[in-house]
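Comments concern the structure below.
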Amino acid sequence: MSTWRALLEDAERTLGDAGLPTPTIDARRIVEEAADQRDGALALVVEEPAPRLAERRVDTMVKRRRQGEPLQYVLGSWSFCGLDLFVDPRVLIPRPETERTAEVALDEAARLGLRRGRGDRWRDARGEELVADLGTGSGAIALALAGALPDAQVWGTDRSGDALAVARANLAGSAGPATRVRLVQGDWFDALPTELRGRFRLLVSNPPYVAESEVADLADEIAGHEPLDALVSGPTGLEAIERVVAGAPEFLAAAGGTLVVELAPHQAATVTQLARDAGFVEVRVERDLADRERVLVARGGEAGD
5 MSTWRALLED
15 AERTLGDAGL
25 PTPTIDARRI
35 VEEAADQRDG
45 ALALVVEEPA
55 PRLAERRVDT
65 MVKRRRQGEP
75 LQYVLGSWSF
85 CGLDLFVDPR
95 VLIPRPETER
105 TAEVALDEAA
115 RLGLRRGRGD
125 RWRDARGEEL
135 VADLGTGSGA
145 IALALAGALP
155 DAQVWGTDRS
165 GDALAVARAN
175 LAGSAGPATR
185 VRLVQGDWFD
195 ALPTELRGRF
205 RLLVSNPPYV
215 AESEVADLAD
225 EIAGHEPLDA
235 LVSGPTGLEA
245 IERVVAGAPE
255 FLAAAGGTLV
265 VELAPHQAAT
275 VTQLARDAGF
285 VEVRVERDLA
295 DRERVLVARG
305 GEAGD
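Sequence positions in the sequence shown follow the numbering used here and run 5 to 309.
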């Protein structure tokens, strides 16, 4: 029977021999998952023998990773804004850029006057403020918004039934905030009830923004495993963003409604102009952690400070 240390060393050696860029990190995450010991806790049991079932699980995960499957899919979960989300090939892997999108959206919500915080058991969450996550995928942004905005009712839309199945699984594991998230299937605004037009305080989206001609430039780990319809918008890469920007004014509240959209850095100038053409009165693009233009913020009116 192997120890956890032996499994860790074998995994690192196997992944390194396969030419993977981060074999040490990948091996540690795989063994941590099999041992159910995270955040440094593996060190406390590393010399203990690993059960046969766990040894077989490590072997299976190492084989999948060695074959190029993304680590996030191999593990079956990934962290996003402090949430532990279930992910598989039906949805995009949550990325730091999208965490930045969620952070910008939460800052805008606070500016609009929405109460921000995790809430507490003594003060009921009212769910009176309408917020939408368009193209929700795994439900990452929707759950992050619901968890941080206790008075928000969050609508998550997606045209993919497979993606919504993953989102529902994540809602099921999220307890309180999930009760204020509604998932609906449909293409962008078509999924939202018509009676909610003009009532949303905040619209957020991480839409597909890769052009068809750019697919060949994607890493094999992305193009070969993640759902291309969630990555690729069309010939220009702007098709989905154009629909979101054009449709947003009809659903946003007349005073103070804000649209937040993730985009590719080279699209920033074009999308800024699209937002101005759509009638937004204040438009800017926020940068991501790598200092690249990444998140459109388009305000339809003045609210807050």
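Note that the Cβ used here is the ideal one computed from N, Cα and C, for glycine as well.
These numbers come from a predicted model, not from an experiment.
- Of the residues A252, A152 and R205, the one whose Cα lies closest to the Cα of R280 is A252.
- Fewer than three Cβ pairs drawn from the segment 173–188 and the segment 216–235 lie within less than 8 Å of each other, which leaves the two stretches out of contact.
- Secondary structure of A282 (DSSP, three-state): coil.
- The straight-line gap separating the alpha-carbon atoms of E243 and T102 is approximately 19 Å.
- For secondary structure counted as the alpha helix (DSSP H) over 4 or more consecutive residues, the segment 60–146 holds these complete runs in sequence order: 75–79 and 100–115.
- Counted as a single uninterrupted DSSP element, the alpha helix (DSSP H) harbouring W8 occupies residues W8 to D21.
- In the DSSP secondary-structure assignment, T262 is bridged to L206 and R303.
- In this model, I245 and E266 are separated by some 9 Å (Cα to Cα).
- Comparing alpha carbon positions, the residue from P239, V264 and A258 closest to V249 is V264.
- DSSP places A156 in the uninterrupted beta strand (DSSP E) bounded by A156 to D162.
- The straight-line gap separating the alpha-carbon atoms of P98 and W82 is approximately 7 Å.
- In this chain, the alpha helix (DSSP H) harbouring V170 covers G165 to A176.
- Taking C-beta atoms as the reference points, E133 and T262 fail to come closer than 8 Å.
- Under the Cβ criterion (8 Å, minimum of three pairs), the segment 84–93 counts as touching the segment 145–153.
- The beta-carbon distance between L256 and L200, rounded to whole angstroms, is 11 Å. This is too long to meet the 8 Å contact definition.
- In the structure shown, G241 adopts coil according to DSSP, grouped into three states.
- Relative to the Cα of E36, the nearest Cα in the group L11, L19 and G20 belongs to L11.
- In this structure R33 is in contact with L75, their Cβ atoms being roughly 6 Å apart against a cut-off of 8 Å.
- Judged by DSSP in its simplified three-state form, R201 adopts coil rather than helix or strand.
- Distance from the Cα of V285 is smallest, within the candidate group A273, G260, E216 and E297, for G260.
- Per DSSP, L48 has no beta-bridge partner at all.
- Distance from the CA of A47 to the CA of V66, rounded to the nearest whole angstrom, comes to 20 Å.
- About 4 Å separates the Cβ atoms of D166 and R94, confirming a contact at the 8 Å cut-off.
- Remark: C-beta atoms of R120 and L110 approach each other more closely than 8 Å.
- The shortest C-alpha to C-alpha distance from H229 to any of V91, P55 and T274 is the one to V91.
- In the structure shown, L256 falls within a strand segment according to DSSP collapsed to helix, strand and coil.
- Taking the Cα positions, G23 is about 30 Å away from P269.
- By the criterion of a C-beta distance shorter than 6 Å, V135 is surrounded in its chain by L149, A156, V158 and L206, once the five residues flanking it on both sides are discounted.
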